[in-house]
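Note that the working numbering has the sequence shown beginning at 69, numbered continuously upward. Notes for the one structure printed next.
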Amino acid sequence: MESILTREERIVFGLRALYSKFGYRPYRMSKFEEYDLYAGNRSFLPSGEVITFTDTNGRLMALKPDVTLSIAKNLGGGPDSTPEKLYYDESVYRAPDSGLGFQEITQAGLEYLGPVDGYVMGEVAMLAARSLGEISPDWVLDLSHMGYLCALVDELGLRGPERAELLRAVGSRSAQAMRAVCTAAGAPEEPADRLIRLVELYGPATELLPELRALAATEAELAAADELEDTVRVLASFGCVGGVNIDLSITCDTEYYNGLVFKGYVPGAPSAVLSGGRYDSLMRKLGKDEQAIGFAVYLNLLERLGGAEPEYDADVLLIPDGETPEELAGVVRELTDSGRSVRVQRGATPSLRCRTVMKMMDGRPVELEGDD
């Protein structure tokens, strides 16, 4: 019998088993959160739109558009608290495409709240890679580092709108746009050249890390190179470095993210199906002296991968012929006990797909030929 689980359900079960194996525990949360949390952190959300309503106590509430914000707000205490290792699969509510309106989206992922060292970064990156492997064997995980990028931008002396404009140009990997911003701001040429060179780099992490280190000119850039190297070494120890690349064009809002950031891709998906990174800055914004790192898998994007549909609606279409309900039930039980799925219906329909058509005759199911 074909699996009764959908592709998405099989992936979710695989992710739960994977995360549990490494000490992460399931976490459940309310569908609602006070709107103020999201109103003050709109730029953290993949989509800025939020569904709101007023509850019976007069509070303005929101249907949860994101999981990480809720976990960061409700958990984690400080540098001396016990680390939290959590995983989830939850529905969130947002408008990923303004033309389609709000949607209920299934999102899975994990969060680590506590001291983040080289092993923790590597373990989270490894779990991101293996999460992609649950979806497709041909996955790609691209790594970047906000600490490296921000240190380079600091060398250029850009602040405010110019800094934001440059980071947007980095995200589009446009050398021309980066050069234009730097020139207009009167930024020094040497770090601008290095920034453009770094952003143009893309390829296997093991091959590009030496060049990344060679291009580092400040202590902050060298520290970021160290963290990327530590992460890749842990990935190699877990045997999942083959699909891992360096891509410094990956940028995230520096108000929330610092350090390692990454995105994951599988063939057929229109955009990244996985996104994550280190978000100590978000924890500080929420008033918590804690480090944190995690990622989310966007399961709604998997619907577009065109997974194979079941070939048949049922193994057997059983057509009754005046039997009593208990006689019919006995035959159906016999067929289902043999491992076949059965649909009882008074006649075939063109849209119905069954391996075998049977009709009750003299109290027993008889297989019909194609023209019967």
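Each residue gets a CB set at the ideal place from its N, CA and C atoms; glycine is no exception.
Enclosing alpha helix (DSSP H) for residue i [first to last residue]
{"i": "Ala288", "result": "Glu287 to Ser305"}
{"i": "Arg411", "result": "Where Arg411 is concerned, there is no enclosing alpha helix (DSSP H), although the beta strand (DSSP E) it sits in stretches over Val410 to Val412."}
{"i": "Glu268", "result": "Glu257 to Glu268"}
{"i": "Leu316", "result": "Careful: Leu316 lies outside any alpha helix (DSSP H) and carries neither H nor E."}
{"i": "Tyr324", "result": "Counting along the chain, Tyr324 falls outside any alpha helix (DSSP H), and DSSP gives it neither H nor E."}
{"i": "Cys218", "result": "Met214 to Leu224"}
{"i": "Glu230", "result": "Gly228 to Gly239"}
{"i": "Pro393", "result": "Pro393 to Asp405"}
{"i": "Cys250", "result": "Ala243 to Ala253"}
Distance, residue j Cα to residue i Cα
{"i": "Leu277", "j": "Leu211", "result": "11 Å"}
{"i": "Arg241", "j": "Arg262", "result": "14 Å"}
{"i": "Leu42", "j": "Glu275", "result": "As shown, the chain starts at 69 and ends at 440. That puts residue 42 outside it, with no answer to give."}
{"i": "Val400", "j": "Val118", "result": "49 Å"}
{"i": "Leu283", "j": "Met246", "result": "18 Å"}
{"i": "Ala337", "j": "Val309", "result": "21 Å"}
{"i": "Cys250", "j": "Asp222", "result": "12 Å"}
{"i": "Ile361", "j": "Tyr324", "result": "11 Å"}
{"i": "Asp405", "j": "Gly398", "result": "10 Å"}
{"i": "Leu316", "j": "Gln171", "result": "31 Å"}
{"i": "Ile318", "j": "Tyr366", "result": "17 Å"}
{"i": "Pro151", "j": "Ile139", "result": "13 Å"}
{"i": "Leu217", "j": "Phe121", "result": "40 Å"}
{"i": "Pro94", "j": "Tyr156", "result": "6 Å"}
{"i": "Asp430", "j": "Asp381", "result": "26 Å"}
{"i": "Ser339", "j": "Ile203", "result": "14 Å"}
{"i": "Gly228", "j": "Phe112", "result": "18 Å"}
{"i": "Ala255", "j": "Leu269", "result": "21 Å"}
{"i": "Asn326", "j": "Gln244", "result": "26 Å"}
{"i": "Thr74", "j": "Leu420", "result": "19 Å"}
{"i": "Gly169", "j": "Glu102", "result": "22 Å"}
{"i": "Lys427", "j": "Gly82", "result": "40 Å"}
{"i": "Asp389", "j": "Arg408", "result": "21 Å"}
{"i": "Gly239", "j": "Ala416", "result": "56 Å"}
{"i": "Arg265", "j": "Thr124", "result": "56 Å"}
{"i": "Ser199", "j": "Lys353", "result": "29 Å"}
{"i": "Gly311", "j": "Ser305", "result": "14 Å"}
{"i": "Asp348", "j": "Cys422", "result": "55 Å"}
{"i": "Thr322", "j": "Met351", "result": "12 Å"}
{"i": "Glu70", "j": "Ser343", "result": "In this prediction, Glu70 has a pLDDT of 48, which is less than 50 and means its spatial position is unreliable; what the coordinates show is noted afterwards. Whole-angstrom Cα-Cα distance: 32 Å."}
{"i": "Leu128", "j": "Gly201", "result": "40 Å"}
{"i": "Phe100", "j": "Lys132", "result": "5 Å"}
{"i": "Arg96", "j": "Ala248", "result": "47 Å"}
Residues bridged to residue i (per DSSP)
{"i": "Tyr156", "result": "Gly177"}
{"i": "Asn368", "result": "Paired residue(s): none; Asn368 is not in a bridge."}
{"i": "Gln171", "result": "Arg162"}
{"i": "Met429", "result": "Arg432"}
{"i": "Cys422", "result": "Ala382"}
{"i": "Pro94", "result": "Tyr155"}
{"i": "Tyr333", "result": "Val208"}
{"i": "Gly272", "result": "Reading off the sequence shown, one finds Pro at residue 272, where the question assumed Gly. Pro272 pairs with Asn313."}
The ligand GTP heavy atom lying under 6 Å from the CB of residue i
{"i": "Tyr161", "result": "For the structure depicted, the ligand GTP is absent and the ligand set is empty, with no information on it obtainable."}
Whole-Å CB distance - residue i paired with residue j, under 8 Å assumed
{"i": "Val329", "j": "Met194", "result": "Rounded, the Cβ-Cβ distance is 16 Å, inconsistent with contact."}
{"i": "Tyr180", "j": "Lys153", "result": "6 Å"}
{"i": "Gly190", "j": "Asp298", "result": "6 Å"}
{"i": "Val341", "j": "Leu296", "result": "22 Å between Cβ atoms; not a contact."}
{"i": "Leu280", "j": "Ile314", "result": "6 Å"}
{"i": "Lys141", "j": "Leu178", "result": "Actually they do not touch by this definition, with Cβ atoms about 17 Å apart."}
{"i": "Leu385", "j": "Pro433", "result": "In fact, because the Cβ distance is near 10 Å, the residues do not count as touching under 8 Å."}
{"i": "Val135", "j": "Ala364", "result": "7 Å"}
{"i": "Pro259", "j": "Leu220", "result": "6 Å"}
{"i": "Thr174", "j": "Glu287", "result": "With a Cβ gap of about 42 Å, Thr174 and Glu287 do not count as contacting."}
Endpoints, beta strand (DSSP E) assigned at residue i
{"i": "Ala196", "result": "From DSSP, Ala196 is part of no beta strand (DSSP E) but of the alpha helix (DSSP H) over Gly186 to Ile203."}
{"i": "Phe58", "result": "Residue 58 is absent from the structure shown; the chain starts at 69 and stops at 440."}
{"i": "Ala382", "result": "Ala382 to Ile387"}
{"i": "Asp206", "result": "From DSSP, Asp206 is part of no beta strand (DSSP E); its letter is neither H nor E."}
{"i": "Glu101", "result": "Phe100 to Glu102"}
What runs of the alpha helix (DSSP H), each 4 residues or longer, lie entirely inside the stretch 106-142? 136-142
At what residue ranges does the stretch 336-361 contain a whole run of the beta strand (DSSP E), taking only runs of 3 or more? 342-346
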